[in-house]
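First residue of the sequence shown? That's 1 in full-length UniProt numbering, and the numbers climb one at a time after it.
Even for Gly, the Cβ is constructed at its ideal location relative to N, Cα and C.
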Amino acid sequence: VYKGILPSGKLLAIKRAQQGSSQGELEFKTEIELLSRVHHKNVVKLLGFCFDRNEQMLVYEYIPNGSLTDSLSGKNGIRLDWTRRLKIALGSSKGLAYLHELADPPI
């Protein structure tokens, strides 16, 4: 995942498909279609994509402080108390519940 910056200063997270990835054109287009319908405060927003013969990328909103794994393990230098960890678990659960039960179609 790469960090991008628009001329306006807005930060983006850019996920680039692996060169020679087994993910085909149809699967990538299906992923874009599904992710473009997801709108929930606990799920990272898909902002755009690049679909070219030699390049496939997904552009997401940028979330500071690294990955959830890094935050929970303390790798990013942030120490989380149990109250904060519980809030993160609840937010993650709400996002997953939305994806599995309320998204159309469920993911």
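- In the DSSP annotation of this structure, the continuous segment of the beta strand (DSSP E) that includes Lys15 starts and ends at 11–16.
- For Gly91, the enclosing alpha helix (DSSP H) stretches over residues 82–97.
- Straight-line spacing of the CA atoms in Val43 and Asp52 works out to 26 Å.
- DSSP places Leu26 in no beta strand (DSSP E) but in the uninterrupted alpha helix (DSSP H) bounded by 25–36.
- DSSP places Leu6 outside both helix and strand once states are collapsed to three, so it counts as coil.
- Between the stretch 64–83 and the stretch 24–35 there are fewer than three C-beta pairs closer than 8 Å, too few to call the two in contact.
- Minimum Cα-Cα distance from Tyr2 among the listed residues Ile63, Ser8, Thr83 corresponds to Ile63.
- Apart from the 5 residues on each side of it in sequence, Leu99 sits with its Cβ closer than 6 Å to the Cβ of Ile107 in its chain, given in chain order.
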